[in-house]
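Here's the structure we're looking at; comments come further down.
Numbering (mature numbering (1 follows the signal peptide of the UniProt record, and there is no 0)), first residue to last: -24 to -1, 1 to 329.
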């Protein structure tokens, strides 16, 4: 054995453990314990009371309403003092029920189901009808699918909401479905990452995670996002010095197909599709190997993703809506499983600017 061969073998032996460590790190990104609020996945019964009119008119980024959040934990009702405000500019204007941001003092949350959660989002239906309640389930489904795809995701939990609306001298009671979303600070802590507020060009973000995100957006038929503008996207900076995107708010997607949904024009860009149920890949150009790696991951995860979908069937009020949602994801896999369609509809559609 000559010296060059010996050096090569030693070099490989040196690198191999490092590769194993790197792979192990990728497989165990989620090193912090998930809070009990999201670890438990039974639908959470909650009650809220406030003036919907006042909520939409009087609250903003710095102005909140004070109320009590009642919740049922282990068969018993409990309550917290919370502050709430409306969020989501489009839904705030076009929907009867705006999505809410909820703030909880640490001292209030201590010893309760909400321990460790200082801020949360509560997604409500646009209006109270069968279809919009099913839209809530479909948007929740999107979050659950992304949990399967990437360790960098928002935890969610379904909720049965009794909303007591103050209307002048009388109150109106609404029974609706919704879901709770964890705060970005909790995601950062759970994944040992840091929240980023500065602008990072998509091509400077991690290749694999970016394509996972972009292919997911294509899967659910969503164009209402931008990692460049951080529109419906947050950014995290990981322990291994990578910038990764974190998607949220999927109500404008073709999967949800809300009555108010329109094709997005983020940054004023007019897209060549007419309906939110038309798919268009909005990711940036990456090496072919990156596309194929993520494609293989999605194909391998197909049974698990459809397991998520089928597991939510009982949540739908209208079985037809479930079948439409399931077929929509099935159509995505038709593209993914065909080499020519994958090349023409995804790889060659990737953006350069």
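Heads up, the beta-carbon is just placed ideally off N, CA and C, and yes, glycines get one too.
Residue environment analysis places residue 114 among the buried positions, since at least 16 neighbouring C-beta atoms fall within 10 angstroms of its C-beta. Collapsing the DSSP output to three states places residue 100 in coil. One Cα belongs to residue 29, the other to residue 139, and the distance between them is close to 13 Å. With a contact defined as Cβ atoms closer than 8 Å, residue 62 and residue 32 qualify at about 5 Å. Assignment of residue 172 by DSSP, reduced to helix, strand and coil, places it in the strand class. Counting only runs of 4+ residues, the alpha helix (DSSP H) found wholly inside the region 200 to 285 occupies 264 to 276, in chain order.
In this structure, the alpha-carbon of residue 119 lies about 37 Å from that of residue 144. Residue 132 carries a strand assignment under DSSP once its states are collapsed to helix, strand and coil. With contacts defined as CB atoms closer than 7 Å, residue 240 and residue 200 qualify as a contacting pair. Looking at the backbone, the Cα of residue 320 and that of residue 117 are separated by about 27 Å. Counted as a single uninterrupted DSSP element, the stretch harbouring residue 326 is not any alpha helix (DSSP H), since DSSP gives it neither H nor E. By the beta-carbon neighbour count (other beta carbons within 10 angstroms, threshold 16), residue 47 is buried. For residue 46, the uninterrupted beta strand (DSSP E) run begins and ends at 41 to 49, by DSSP. For the pair residue 84 and residue 54, the CB atoms are not nearer than the 7 Å cut-off. Residue range 295 to 312 is occupied by the alpha helix (DSSP H) that includes residue 305.
The beta carbons of residue 152 and residue 101 sit closer together than 7 Å.
By the CB criterion at 7 Å, residue 158 and residue 14 fall inside the cutoff. Distance from the CA of residue 325 to the CA of residue 262, rounded to the nearest whole angstrom, comes to 11 Å. In the structure shown, residue 68 falls within a helical segment according to DSSP collapsed to helix, strand and coil. The secondary-structure analysis by DSSP pairs residue 26 across a beta bridge with 141. Apart from the 5 residues on each side of it in sequence, residue 298 sits with its Cβ closer than 6 Å to the Cβ of 289, 292 in its chain, given in chain order. For residue 181, no alpha helix (DSSP H) encloses it, and the DSSP letter there is neither H nor E.
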